[in-house]
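Written out below as structure tokens is the structure these notes cover.
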Amino acid sequence: IQKDVVRETYDVPEDFEPMAGLAVGYLGDPDVLPPGQQESERAPRSRRPLDEFVFGDEWETPADLVSDA
């Protein structure tokens with residue numbers, strides 16, 4: 001992310017550090033993208049299971065909100 005842009009746009013105080021960004025919204029029309037991006041947008045998605053990287057009380061212990069247990 002562009003930390004300086006985030007800090008200015010959202011008025012983030014200096015004692016906080018922008019670390020990540022999340023885009024939320026609806027999918028757009030891939031036909032308006034350049035050909036290389038169209039291909040990647042139409043490709044099947046693969047995602048790591050959340051319980052592999054969202055931890056709770058201890059490292060490598062899945063958080064309750066993503067655990068099947």
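Just so you know, we're using this note's numbering here: the sequence shown kicks off at 1 and counts up by one.
For every residue, glycine included, the Cβ atom is placed at its ideal position computed from N, Cα and C.
Would you mind giving the Cβ-Cβ distance between residue i and residue j, rounded to the nearest angstrom? I have them listed as a contact below 8 Å.
| i | j | result |
| --- | --- | --- |
| Pro34 | Arg42 | Contact flag wrong, Cβ pair sits at about 13 Å. |
| Val1 | Gly28 | The identity of residue 1 in the sequence shown is Ile, whereas the question assumes Val. The pair is not a contact, with the Cβ atoms about 20 Å apart (cut-off 8 Å). |
| Val12 | Pro18 | 6 Å |
At the level of alpha carbons, what is the spacing between residue i and residue j?
| i | j | result |
| --- | --- | --- |
| Val32 | Tyr26 | 15 Å |
| Glu8 | Phe16 | 12 Å |
| Lys3 | Ser67 | 32 Å |
| Pro154 | Arg48 | Any question about residue 154 goes unanswered here, given that the chain covers just 1 to 69. |
| Pro39 | Val5 | In the sequence on display, residue 39 carries Glu and not Pro. Each residue's alpha carbon lies about 29 Å from the other. |
| Ser46 | Trp59 | 24 Å |
| Glu52 | Leu65 | 13 Å |
Give the list of continuous beta strand (DSSP E) stretches no shorter than 3 residues that lie fully inside the region 11-42.
As for any beta strand (DSSP E) of minimum length 3 sitting wholly inside the region 11-42, there is none.
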